[in-house]
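Single-structure report; data block below.
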Amino acid sequence: MTEHAEQAKRAEQDGGADRSAAHGDIDTARAQLAEFRDGRARAVVGPRGNLALVNTQWITGDPAVGQPVWGVPGVWAPLPAGVSGLSLTATASEGIIVDGDVVDGSVLVAGLDAMQPSSIRFSETLTGTVIAGEDGGYALRVWDAASEGIRDFGRIDAFPFDPDWVVEATFTPIPGRGEVSIAHLQDEGRTRQRALPGEITFTRDGVDYSLAAFEDGPSLLLVFADATNGVSTYSVGRFLRVSPEGDGTIRLDFNRAYLPPCAFSYSFNCPIAPAQNRLAIPIEAGERMVLAADGTPLHD
């Protein structure tokens with residue numbers, strides 16, 4: 005039983021001041037979760053939110069030929085190895101604005117991995133970003149602030165707050181750091197190696213679990229699947245960001261489990277939970293699925 009659940013149980017038994025204190029803790033946690041979920045709902049409908057992504061196209065082939073990108077004008081081509089971004093060739097009549105200037109000829113469009121990434125605007129609602137792949141290639145992402153996804157969006161359905169799904173766990177660093185193989189939805193079975201700084205362990209209902217969370221920015225990203233997937237939650241799985249404390253403790257608040265970007269747009273290529281993160285138990289906490297305005301699932 006978790007800390008919040010124990011407090012609630014003691015409050016029910018002891019009454020009085022203990023009950024007020026426990027309810028205060030749970031009320032605070034519930035309010036914080038509501039704020040988190042409100043922020044998520046606002047973010048996914050933003051001009052660069054998950055629902056705004058309408059295309060991700062990798063630019064390959066002969067740099068001298070280039071290729072069109074679905075939904076936007078211009079001809080796009082790869083750059084020499086080691087140079088961030090893509091080459092864009094367009095006429096002024098096509099109205100593409102890169103870094104504040106209308107493109108009339110050929111320009112370099114810097115990727116997000118560059119010191120100064122380029123800004124790209126195609127119209128009042130359409131913008132672009134150039135992302136880097138792990139193999140050194142680059143893709144153009146097209147964002148539409150008036151996409152069908154944003155237009156049809158209703159809400160992110162989620163389980164109600166459950167203090168019993170705030171799990172106290174232990175983070176054990178791996179000497180010399182390890183690696184975990186992660187497959188992605190659109191990679192046709194190929195895997196990518198991610199740095200694995202440590203192992204997350206906890207026990208629930210007498211069963212020991214060992215999870216892998218890989219580095220992703222300032223925190224660790226736990227990609228997990230459970231028995232609710234494809235039944236009451238998105239079929240691919242869910243994400244949870246975690247940060248270990250200095251003493252090795254780590255809190256897994258599954259109430260903050262959130263849907264991966266591919267639950268909102270098929271133009272995202274999401275990681276799939278590694279085998280050890282596929283739990284046989286149902287985790288009935290966190291976000292469930294994306295719903296359209298009419299209450300039907302926006303995506304499978």
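The numbering used here numbers the first residue of the sequence shown as 5 and each following residue consecutively.
The beta-carbon is built from N, C-alpha and C at its ideal position, and this holds for glycine as well.
Give me the Cα-Cα distance between residue 3 and residue 118, rounded to the nearest whole angstrom.
-> In the structure as shown, the chain starts at 5 and stops at 304, and residue 3 therefore has no counterpart that could be examined.
Kindly indicate which three-state DSSP category residue 108 falls into: helix, strand or coil?
-> Reading the sequence shown from its first residue, position 104 is the one you call residue 108. In this structure, DSSP gives residue 108 a state outside helix and strand, which the three-state scheme calls coil.
Note down the Cα distance separating residue 124 from residue 131, rounded to an integer number of angstroms.
-> Residue numbering aside, residue 124 sits at position 120 when the sequence shown is read from its first letter. Residue numbering aside, residue 131 sits at position 127 when the sequence shown is read from its first letter. When rounded, the distance between both Cα atoms is 6 Å.
First and last residue of the uninterrupted alpha helix (DSSP H) at residue 219 = Translated into the one-based positions of the sequence shown, residue 219 becomes position 215. Element bounds for residue 219: not the alpha helix (DSSP H) but the beta strand (DSSP E), 211-220.
Segment limits, beta strand (DSSP E) that includes residue 186 = Here residue 186 refers to the residue found at position 182 of the sequence shown. Per DSSP, residue 186 belongs to the beta strand (DSSP E) from 170-187.
Taking just the CA atoms, how far does residue 284 sit from residue 213?
-> Stepping through the sequence shown from its first residue, residue 213 is reached at position 209. Stepping through the sequence shown from its first residue, residue 284 is reached at position 280. Straight-line measurement puts the Cα of residue 284 at about 11 Å from the Cα of residue 213.
Residue range of the alpha helix (DSSP H) that includes residue 153 | Numbered from 1 along the sequence shown, position 149 holds the residue referred to as residue 153. For residue 153, the uninterrupted alpha helix (DSSP H) segment begins and ends at 152-156.
Could you tell me if residue 232 is buried or exposed, where buried requires 16 or more neighbouring beta carbons within 10 angstroms of its beta carbon?
-> Working through the sequence shown from its first residue, we reach residue 232 at position 228. Under this definition residue 232 is a buried residue.
Range covered by the beta strand (DSSP E) that runs through residue 258 = On the sequence shown, residue 258 is found 254 positions in, with the first residue counted as 1. Where residue 258 is concerned, there is no enclosing beta strand (DSSP E), given that its DSSP letter is neither H nor E.
Which residues bound the beta strand (DSSP E) around residue 197?
-> The sequence position of residue 197 within the sequence shown is 193, counting from 1. DSSP places residue 197 inside the beta strand (DSSP E), whose first and last residues are 195-208.
Rounded distance between the beta-carbons of residue 73 and residue 146, thought under 8 Å | By one-based count along the sequence shown, residue 146 stands at place 142. By one-based count along the sequence shown, residue 73 stands at place 69. About 7 Å separates the two Cβ atoms, so the contact holds.
When DSSP labels each residue in this structure, what does residue 243 get in the three-state scheme?
-> Counting from 1 along the sequence shown, the entry for residue 243 is found at position 239. Under the three-state reduction of DSSP output, residue 243 falls in the strand class.
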